[in-house]
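Its first residue numbered 1, the sequence shown is counted upward by one per residue in the UniProt record's numbering. For every residue, glycine included, the Cβ atom is placed at its ideal position computed from N, Cα and C. One structure is given here, and the rest of the page talks about it.
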Amino acid sequence: MPPAESALLWAPLLELVPALRVLVGLGIAALVIAALHLGRDLLIPLALAGLLGFLLDPAVCRLKRWGLPRALAVALVGLAALGSLVAAGAYLTVQLRAVSTDLPTYQDTIRGKIGQLHQQLRGPSAWDGAVSTLDTVQDQIQQVTEDTPRPTQRVEVVQPPPGPIVTASQWLARIGGPLATAAIVALFVILILLDRDSLRDRMLRLMGGGNLHRATDALDEATTRISRYLRMQLIINASYGVPMAVGLWFIGVPGAVLWGALATVMRFVPYVGPLVSALFPLTLAFAVSPGWEMVLWTLALIAVLELLSNYLLEPWLYGASTGLSTLSVIVAAIFWTALWGPIGLILSTPLTVCLLVLGRHVPGLGFIEGLLGTTPVLALPQRLYQRLLAGDVEEATDMASQYIDAAIGPEHTDAARVAAAVTAFYDQVGLPILQLASQQHAGTATAQHRLRLAQGMDALLEELEEQYPAPEARQHPSSVHCVGVRWEVDGFAAAMAAHALRLAGWPARAHALASPMTWRAAEDLAAADIVCLSVFHPQPPAQLRHLARRLRRRHPALRVVAAPWLAAASSVEQWQLGRSGLDGVAQDLGALLLQVASLADAAAPAGAASGQRQEAARVSALHDEGWLDPAHHALFHASARKAANAFDTRYAQVSLIDADTVRAPGSLLPTLADGTALPRQDSLCTHVALADGPLVINDLSADPRAQGLHLVNRYQLRFYAGMPLRSVHGEVVGCLCLMDNAPRSLSAQELALLAELAAEVEQGVHGAD
């Protein structure tokens, strides 16, 4: 059969593949749910044992670190837990017996209050007319049916009371099942604690197979999340039960300790537990006091504790401990309760956390994380893009404002902070939105989608310019003109660039299109010093170079910067600056600002960003705390080696920034390993001190700060990341930096790890001092 005919034959079957995958997935899910339900007699004890193992294992590990054998540590922890349960049970039994003994004395009080309520209910009310009507109708129905024959009287055979043996067998039948389950759970807990390491290895084998990195991350995350959840749950329950017992004791409710302990335990049961624990003290307060004051005080105490626990303590202590959304917690509680009953309700959160971790680390189960987790399924650029496509400009503006305000912070309203936050929004959210629009323009986007996007983006940028206006005072004399080269999306990017430049103090304007007629009519180009050409195209056309040459011929003093937002870094390297009429290339707004500053000769000299007083304090801290002491060289070399190994970079070093020089003793760069000093203007580490924060340059070839630096050219460096090293009082005295020969980026987790390594260096120096 020819290939063409074979392809036509199989085409209808290939269209059914997605539906078959869904059906197979549903079938597998049904089998798993059936197995969980049918195997609950075995799985429930295992799950309870695992939960108790999470609670008791930290104590066993602590005793083992103190030098005790693991078997002895498990025995001591087990006996302590059992003894605590027995002692608490005995004490609570005594309290319960005392309360039950006093209950008969409260019969008159209960009878009197019920009588009061009965009188209140029988009094005149707004429903008397409706009740009278219903009584009349009922009497008429009885008159119609009074001829109905009376039912035959029921005869009941009264059995004699059971004997002692029968009573004992009935009690054993009732408690035998729970006792057997408790014994099995205790046995499983002991085995889990004794064989912890072997079980962990087996779990790693089952979860990861050959990928031990992923399996280790999954197991560590599950352990951390469940342990934190149980620990926080215990703290919250105790912070609820102890005040409950004290408050009930002050109010005068009998058995205050009993009800406080019951509240602590019952809150481990989601949703139902707090209601049950509140019912008993309210009922007893109703029975004890002849008035209503005790009931009202008890009700007020429970309401205050619930409000404090639900809206203050739980959000503060839980945070992102489980990573589950509120809806998923409720659905999980219903699901596991339907499968395993009340025990399933108790285990619902830990079991769902395990499912969440599996969904995060097992590729085929990624949909579980999307259904259960709190992590947004869509990134912020995608969410904003969708809002604009739907015509919901107001919500898109709110999301943009929230992002920028969070970056600015509640205590920072200075112009530099606002400029950095708005520029970061344009770089990390605005430009990716335009990239999505450019990629989908000729594909799935319709005319209505394109119109909504254009109108929405125009309104969004206008709102942001009004909400975050540029300062009136101009800090730089050179003016910048940002121009969209080909179409509307290019113009939006040009407007973002112009706004970011104005916030940074540059006189900047934006034009939407760069057609030949526009250039002939643009008289203000004669007054511009720098022109930025904005274009969204994977391979910017020759029109861009042609446009740059025409600009240079018309205005020889004009400097031109290209901003090919979609071009690959490799293609940007091949652009011949100068010969093509271009003076610089930038692929993000941060690089554009640096290019403009470099072309305008407005780059601040080293150390100028800090006042002389702060600079003197920083240099003084560098010398006074002994950072330059040769005794620390071994620490610096070991830290650089550890960082290079962890991040898989070729070079790393600890740089110490003095008044005029930068030293890097122990550097993995051979030139600086012996502590050779570099002038500050020849080191990228200087910019870490100027920024007073971490500095990451993904591609040094496109960053003007790296142009012409000797070490960058000699070792062909393409990537740089520096994390500040601070003195005791917070001054930046140096940095721990990574360098590599290929462009790369750092995730938020990797940046946090680099900060931890920098903190270790700081502790090493401060501890030695």
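The alpha helix (DSSP H) that contains residue i, what's its start and end?
{"i": "P350", "result": "P342 to H361"}
{"i": "S534", "result": "Premise fails: S534 lies in the beta strand (DSSP E), I530 to V535, not in any alpha helix (DSSP H)."}
{"i": "L305", "result": "E293 to L308"}
{"i": "V272", "result": "V272 to V288"}
{"i": "S639", "result": "H633 to F647"}
{"i": "P45", "result": "R40 to R65"}
So what's residue i in DSSP terms, helix, strand or just coil?
{"i": "A677", "result": "strand"}
{"i": "S328", "result": "helix"}
{"i": "L451", "result": "helix"}
{"i": "D740", "result": "strand"}
{"i": "A470", "result": "coil"}
{"i": "E760", "result": "helix"}
{"i": "V733", "result": "strand"}
{"i": "R267", "result": "coil"}
{"i": "R663", "result": "strand"}
{"i": "P556", "result": "coil"}
{"i": "A604", "result": "Low per-residue confidence applies at A604: pLDDT is 41, beneath 50, and the placement is therefore not dependable, though the value from the model is reported in the following sentence. In the structure shown, A604 sits in coil (DSSP, three-state: anything other than H, G, I, E or B)."}
{"i": "G319", "result": "Since pLDDT at G319 reaches only 49, below the 50 mark, its modelled position is unreliable, and no value is offered."}
{"i": "G409", "result": "coil"}
{"i": "G373", "result": "strand"}
{"i": "V585", "result": "strand"}
{"i": "E625", "result": "coil"}
{"i": "D441", "result": "It is worth fixing the name first, because residue 441 is His in this sequence and not Asp. It is coil, neither helix nor strand."}
{"i": "A390", "result": "coil"}
{"i": "V253", "result": "coil"}
{"i": "Q707", "result": "coil"}
{"i": "D398", "result": "helix"}
{"i": "L224", "result": "Strictly speaking, residue 224 in this sequence is Thr, with Leu absent from that position. Three-state result, T224: helix."}
{"i": "G611", "result": "With a pLDDT of only 49 at G611, under the threshold of 50, the placement of this residue in the model should not be trusted; the figure read from the coordinates follows. Three-state result, G611: coil."}
{"i": "S747", "result": "coil"}
{"i": "L672", "result": "coil"}
{"i": "D458", "result": "helix"}
{"i": "L68", "result": "coil"}
{"i": "A521", "result": "Since pLDDT at A521 reaches only 42, below the 50 mark, its modelled position is unreliable, and no value is offered."}
Based on the DSSP output, what are the partners of residue i in its beta bridges?
{"i": "residue 776", "result": "Nothing can be reported for residue 776, as the shown portion of the chain is limited to 1 through 769."}
{"i": "Y715", "result": "Paired residue(s): none; Y715 is not in a bridge."}
{"i": "P724", "result": "C735"}
Buried or exposed, going by whether 16 or more other CB atoms sit within 10 Å of the CB of residue i?
{"i": "Q587", "result": "buried"}
{"i": "E369", "result": "buried"}
{"i": "A748", "result": "exposed"}
{"i": "W66", "result": "exposed"}
{"i": "I530", "result": "buried"}
{"i": "N237", "result": "buried"}
{"i": "H687", "result": "buried"}
{"i": "W292", "result": "exposed"}
{"i": "V585", "result": "buried"}
{"i": "I33", "result": "exposed"}
{"i": "L23", "result": "exposed"}
{"i": "F367", "result": "exposed"}
{"i": "Y229", "result": "buried"}
{"i": "P556", "result": "exposed"}
For residue i, which residues of its own chain have a beta-carbon under 6 Å away from its beta-carbon, when the five flanking residues on both sides are left out?
{"i": "A35", "result": "none"}
{"i": "A652", "result": "A640, A643, A644, L668 and L738"}
{"i": "A604", "result": "Any reading at A604 must be qualified, since the residue scores a pLDDT of 41, below 50, and its modelled position is unreliable; the value itself is stated next. If we look at A604 and ignore the five residues flanking it on each side, it has no Cβ neighbours."}
{"i": "F647", "result": "L738"}
Looking only at its own chain, which residues have a Cβ that is under 8 Å from the Cβ of residue i, when we skip the five neighbours before and after it?
{"i": "A252", "result": "The question names Ala, but residue 252 in the sequence shown is Gly. Cβ neighbours of G252 beyond the five flanking positions: V288, S289 and M294."}
{"i": "R714", "result": "T671"}
{"i": "P724", "result": "V688, A689, D692, G693, P694, V732, G734, C735 and A758"}
{"i": "S479", "result": "W506, P507, A508, R509, A527, A528, D529 and I530"}
{"i": "M517", "result": "With a pLDDT of only 43 at M517, under the threshold of 50, the placement of this residue in the model should not be trusted, and no figure is reported."}
{"i": "M399", "result": "L380, R383, L384 and R387"}
Tell me which residues share the same chain as residue i and place their Cβ nearer than 7 Å to its Cβ, disregarding the 5 neighbours each side in the sequence.
{"i": "L204", "result": "L212, A215, T216 and L219"}
{"i": "I184", "result": "P45"}
{"i": "A617", "result": "E731"}
{"i": "L51", "result": "L347 and P350"}
Taking the continuous beta strand (DSSP E) assigned at residue i, which residues delimit it?
{"i": "Q653", "result": "Y651 to I657"}
{"i": "H511", "result": "A508 to H511"}
{"i": "A563", "result": "R559 to P564"}
{"i": "G484", "result": "V480 to G484"}
{"i": "V696", "result": "L695 to I697"}
Given the structure, does residue i come close to the ligand GDP, in the sense that its CB is under 6 Å from one of the ligand's heavy atoms?
{"i": "H632", "result": "Among the components modelled here there is no ligand, and therefore nothing to report on the ligand GDP."}
Residue i CB to nearest chain D CB: under 7 Å?
{"i": "A563", "result": "Among the chains in the structure shown there is no chain D, since it carries only a single protein chain."}
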